[in-house]
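Take a look at the structure set out below.
Protein chains: 2
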Amino acid sequence: MRYPGTICALTGTQYPLIQGGMAWVSDASLAAAVSMAGGLGVIAAGNAPPDWVERQVTELRAKTDKPFGLNVMLLSPYVAQVAELAADLHVPVVITGAGNPDAYVKRWKAAGCLVAPVVASRALAMLMERMGADFVIAEGCEAGGHIGELTSMVLWPDIARSVSIPVVAAGGVFDASGVAAAFCLGAKGVQVGTRFILAEECTAHEAYKERVLRAKDIDSKVTGRITGHPVRVLRSPLQRELATAEYGPDGAAAVEKLGEGSLMRAVLHGDKDRGSFMAGQCACMMDRIQPAEAIVRELFDAELIVRALSGASAMLEANE
Amino acid sequence: MRYPGTICALTGTQYPLIQGGMAWVSDASLAAAVSMAGGLGVIAAGNAPPDWVERQVTELRAKTDKPFGLNVMLLSPYVAQVAELAADLHVPVVITGAGNPDAYVKRWKAAGCLVAPVVASRALAMLMERMGADFVIAEGCEAGGHIGELTSMVLWPDIARSVSIPVVAAGGVFDASGVAAAFCLGAKGVQVGTRFILAEECTAHEAYKERVLRAKDIDSKVTGRITGHPVRVLRSPLQRELATAEYGPDGAAAVEKLGEGSLMRAVLHGDKDRGSFMAGQCACMMDRIQPAEAIVRELFDAELIVRALSGASAMLEANE
Chain A
1 MRYPGTICAL
11 TGTQYPLIQG
21 GMAWVSDASL
31 AAAVSMAGGL
41 GVIAAGNAPP
51 DWVERQVTEL
61 RAKTDKPFGL
71 NVMLLSPYVA
81 QVAELAADLH
91 VPVVITGAGN
101 PDAYVKRWKA
111 AGCLVAPVVA
121 SRALAMLMER
131 MGADFVIAEG
141 CEAGGHIGEL
151 TSMVLWPDIA
161 RSVSIPVVAA
171 GGVFDASGVA
181 AAFCLGAKGV
191 QVGTRFILAE
201 ECTAHEAYKE
211 RVLRAKDIDS
221 KVTGRITGHP
231 VRVLRSPLQR
241 ELATAEYGPD
251 GAAAVEKLGE
261 GSLMRAVLHG
271 DKDRGSFMAG
281 QCACMMDRIQ
291 PAEAIVRELF
301 DAELIVRALS
311 GASAMLEANE
Chain B
321 MRYPGTICAL
331 TGTQYPLIQG
341 GMAWVSDASL
351 AAAVSMAGGL
361 GVIAAGNAPP
371 DWVERQVTEL
381 RAKTDKPFGL
391 NVMLLSPYVA
401 QVAELAADLH
411 VPVVITGAGN
421 PDAYVKRWKA
431 AGCLVAPVVA
441 SRALAMLMER
451 MGADFVIAEG
461 CEAGGHIGEL
471 TSMVLWPDIA
481 RSVSIPVVAA
491 GGVFDASGVA
501 AAFCLGAKGV
511 QVGTRFILAE
521 ECTAHEAYKE
531 RVLRAKDIDS
541 KVTGRITGHP
551 VRVLRSPLQR
561 ELATAEYGPD
571 GAAAVEKLGE
581 GSLMRAVLHG
591 DKDRGSFMAG
601 QCACMMDRIQ
611 PAEAIVRELF
621 DAELIVRALS
631 GASAMLEANE
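Which chain is which? The protein sequence lines are A and B, in order.
If you use our numbering, the first sequence corresponds to residues 1 to 320, in order.
If you use our numbering, the second sequence corresponds to residues 321 to 640, in order.
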């Protein structure tokens, strides 16, 4: 299959699919596997120092010459260096999260990078378009990790009607019928995060993958609303502590302190007690670990996408 | 058009469309208008006493003999009497909200009512199926008023794969492309609330309608999470007070006290300071007051639904 009218024309990927940039989870191993499978693999810089980021990019390029992305987290203490590195390395697609990348866009564009900010509101999407973004990734609050307020069903069409650059749908997309729905709502591609935690090539700790596998629908919780930077995680001892701390005497400060380093503890060490197991709400529907290639193939199984669309069409029948 | 395979076969309506039961907003005037337009108009009992409910049903039946629904709010102080009344009046469809209607289902079924609970989790949906519900309304947290945790993009497919009775998609549906997306995700009908606040026949105060009309995407807020019964409202002076009270010394108790009667103050009196303006996130995309019939016609504009589906199809092209 080809995907005319989608972001493939920009990204040069086989599928209009971006793998979500998940701090610590999205390293060269996962990103290379997704890129080789025809999606846009993405390395997440997170809070990591530039030498870690450079190693990941080098490692990915040793495995494949397919296009890939680097997710630059704008709140990172190393953001300026990582931003410069992205330009120096001519990373094909720079994806930005957690803010306004204004300071770096010109440098990236001059280096030939595509720029694709993750947005959670209309105003930011419109600002990004004016700033020269090539496309935006509209991420609904069903996504894992740091989230905004609006859900995908509202955010996607709202952004799609507010900007003329392509919109990639993120948050709650995990299968072919979700791809069909996203296309119906005006998206020109999808970003999928949580499902790739369960890729064989994902190096996250086994305990992290197990937590995602056994997630129930009611296990998805948001912590840290009081800090102004809410985070979606799966239920855990730390999450319960955070939920209590949020309403406790020290509020935001206590939450920040508990959260510090908790994602790394979960992803790298599988720390069930002190780790934050970030995942999207759709974790409740995941039931297997698969090669990244199988995940990509199932997401874009043309038969399944067509079945969703034609099933919908079949519910409309002209009167005789 | 006909809508084979949808809830129309059960409800006997022209369109697979349910008007959301919004306390104080969904009275006989709105419900009759929607039913006459071919959807399932719904009277919301809310916390109202049975004589008010009976008057509304009588008034609706004086206007139309089309099918309609009654939304029974299970936390109402009058719930037992309203439940009995629904059976006595042989209300065509009883929709339940805010809990488990176990105690009343047999009585309603015996009276020939269809029973359709609003659900926000897999477990409740499955329980409702076992209890004999005719269909369920899966409502994502982008909806207005009392909400659950899961968004529509996750809840709809999760419920659709968990029960074999039809699933009606609620939360974030406001136009024809949303109907197309809901169908793609396995829904057999949609429930639309917020957009009907802006029906000409809706008797809500002008100030309430104006607040919905000028809602921005960032105006949608959730209050009362600390009480365990979160409510989605639009930004307002009372909402700001509630947000502060939630983290204050009296927590849940203060929130309950501030919230008491606040919806009625907004809907009936347009009280901008002390009213709760409940609305879904999609309010940000609403820009006009229309007759209910025009809203129904636009939601099920076959050309627009087909355009969304065929636009999505066009993004898949077999390789030559």
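No residue lacks a Cβ here, since even glycine has one placed at the ideal position from N, Cα and C.
State the start and end residues of the unbroken alpha helix (DSSP H) segment that holds residue i.
i             : result
residue 624/B : 622-633
residue 615/B : 612-619
residue 218/A : Residue 218/A -> no alpha helix (DSSP H), and no H or E assigned at all.
residue 587/B : 582-589
residue 364/B : That residue, residue 364/B, is in no alpha helix (DSSP H); its beta strand (DSSP E) goes 361-364.
residue 517/B : 514-517
residue 636/B : Careful: residue 636/B lies outside any alpha helix (DSSP H) and carries neither H nor E.
residue 150/A : Note, residue 150/A: premise wrong, no alpha helix (DSSP H); not H, not E.
residue 605/B : From DSSP, residue 605/B is part of no alpha helix (DSSP H); its letter is neither H nor E.
residue 529/B : 526-533
residue 462/B : That residue, residue 462/B, is in no alpha helix (DSSP H); it is neither H nor E in DSSP.
residue 257/A : 251-259
residue 129/A : 122-131
residue 331/B : 328-331
Looking at the secondary structure, which residues open and close the beta strand (DSSP E) in which residue i lies?
i             : result
residue 356/B : Not the beta strand (DSSP E): residue 356/B falls in the alpha helix (DSSP H), residues 348-356.
residue 139/A : 136-139
residue 557/B : Where residue 557/B is concerned, there is no enclosing beta strand (DSSP E), although the alpha helix (DSSP H) it sits in stretches over 557-566.
residue 369/A : Here chain A comprises residues numbered 1 to 320, so residue 369/A is not present and cannot be evaluated.
residue 116/A : 114-119
residue 338/B : 337-339
If you count every other CB in all the chains shown that lies within 10 Å of the CB of residue i, and 16 or more means buried, which is it?
i             : result
residue 142/A : buried
residue 287/A : exposed
residue 564/B : exposed
residue 395/B : exposed
residue 508/B : buried
residue 341/B : buried
residue 537/B : buried
residue 486/B : buried
residue 317/A : exposed
residue 589/B : exposed
residue 209/A : buried
residue 92/A  : buried
residue 220/A : buried
residue 526/B : exposed
residue 466/B : buried
residue 421/B : buried
residue 259/A : buried
residue 524/B : buried
residue 214/A : exposed
residue 254/A : buried
residue 312/B : Nothing can be reported for residue 312/B, as the shown portion of chain B is limited to 321 through 640.
residue 491/B : buried
residue 460/B : buried
I think residue i touches residue j, with their Cβ atoms under 8 Å apart; what is that distance to the nearest whole Å?
i             : j             : result
residue 231/A : residue 223/A : 5 Å
residue 262/A : residue 280/A : Rounded, the Cβ-Cβ distance is 18 Å, inconsistent with contact.
residue 440/B : residue 468/B : 3 Å
residue 308/A : residue 504/B : 4 Å
residue 4/A   : residue 40/A  : Rounded, the Cβ-Cβ distance is 17 Å, inconsistent with contact.
residue 45/A  : residue 71/A  : 6 Å
residue 105/A : residue 129/A : Contact flag wrong, Cβ pair sits at about 11 Å.
residue 86/A  : residue 52/A  : Their Cβ separation, rounded to whole angstroms, is 13 Å, which puts residue 86/A and residue 52/A out of contact at 8 Å.
residue 195/A : residue 295/A : 6 Å
residue 115/A : residue 132/A : 7 Å
residue 282/A : residue 30/A  : With 8 Å as the limit, residue 282/A and residue 30/A do not qualify as a contact, their Cβ atoms being about 18 Å apart.
residue 138/A : residue 169/A : 6 Å
residue 633/B : residue 592/B : 46 Å between Cβ atoms; not a contact.
residue 136/A : residue 125/A : 5 Å
residue 290/A : residue 18/A  : Not a contact, Cβ separation roughly 18 Å.
residue 252/A : residue 227/A : 5 Å
Q.
Which runs of the beta strand (DSSP E) at least 3 residues long sit entirely within the stretch 156-192 of chain A? Give them in chain order.
A. The DSSP assignment places 167-170 and 189-192 as complete runs of the beta strand (DSSP E) inside the stretch 156-192 of chain A, in order along the chain (cut-off: 3 residues).
Q: Any chance you could list the beta strand (DSSP E) runs of at least 3 consecutive residues sitting entirely within the stretch 372-425 of chain B, in chain order?
A: Qualifying beta strand (DSSP E) stretches, in chain order: 388-393 and 413-417.
(Q) Quick check: the stretch 484-499 of chain B against the stretch 616-630 of chain B, are at least 3 beta-carbon pairs closer than 8 Å? (A) At 8 Å Cβ cutoff, the stretches touch.
Q. Any chance the stretch 321-334 of chain B sits against the stretch 344-353 of chain B, with 3 or more Cβ pairs inside 8 Å?
A. Counting C-beta pairs closer than 8 Å gives fewer than three between the stretch 321-334 of chain B and the stretch 344-353 of chain B, which falls short of the contact rule.
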